[in-house]
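Novice:
Numbering (the UniProt record's numbering), first residue to last: 1 to 113.
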């Protein structure tokens, strides 16, 4: 069955899509940018660059990070970060629902060979 992948272009020059949303979800799940990066098989620097880009685009932090030390660091999503994930997933569900009949028709074309 065909699947839908959503990428949203944001004004003025930002984008958000499944990869950045997954990174935010992994940070929320693990409480750590480095653990989220490892889980997604990306470098810590790349994960940090993506977080900084999202913070810049939204004009506020989506992730609050604490510097490591004796007790270790950590990270969590801010209320804005939680809202971005929730809204993206809601938009994704709405788009998938709206496209379902057309996706089935595409699959029928493939099946008809």
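Note that beta-carbon positions come from the ideal geometry of N, C-alpha and C, so glycine has one too.
Just the C-alpha distance for residue 60 and residue 30, rounded to the nearest angstrom, thanks.
Specialist: Looking at the two C-alpha atoms, the distance is approximately 22 Å.
Novice: Does the segment 4 to 18 come within contact of the segment 89 to 96, defined as at least 3 CB pairs closer than 8 Å?
Specialist: Touching, yes, given that three or more Cβ pairs across the two stretches are closer than 8 Å.
Novice: Can you have a look at residue 54 and say buried or exposed, based on whether 16 or more other CB atoms are within 10 angstroms of its CB?
Specialist: So residue 54 ends up on the buried side.
Novice: Just to confirm the assignment, what range does the beta strand (DSSP E) spanning residue 81 have?
Specialist: Counting along the chain, residue 81 falls outside any beta strand (DSSP E), though it belongs to the alpha helix (DSSP H) covering 79 to 112.
Novice: Is the beta carbon of residue 78 sitting closer than 8 Å to the one on residue 65?
Specialist: Not closer than 8 Å, so no.
Novice: Whose CA, out of 74, 18, 73 and 67, lies closest to the CA of residue 50?
Specialist: The shortest Cα separation from residue 50 among 74, 18, 73 and 67 belongs to 18.
Novice: Closer than 8 Å by C-beta to residue 45: which residues in its own chain qualify, once you throw out the five before and the five after it? Chain order, please.
Specialist: If we look at residue 45 and ignore the five residues flanking it on each side, it has no Cβ neighbours.
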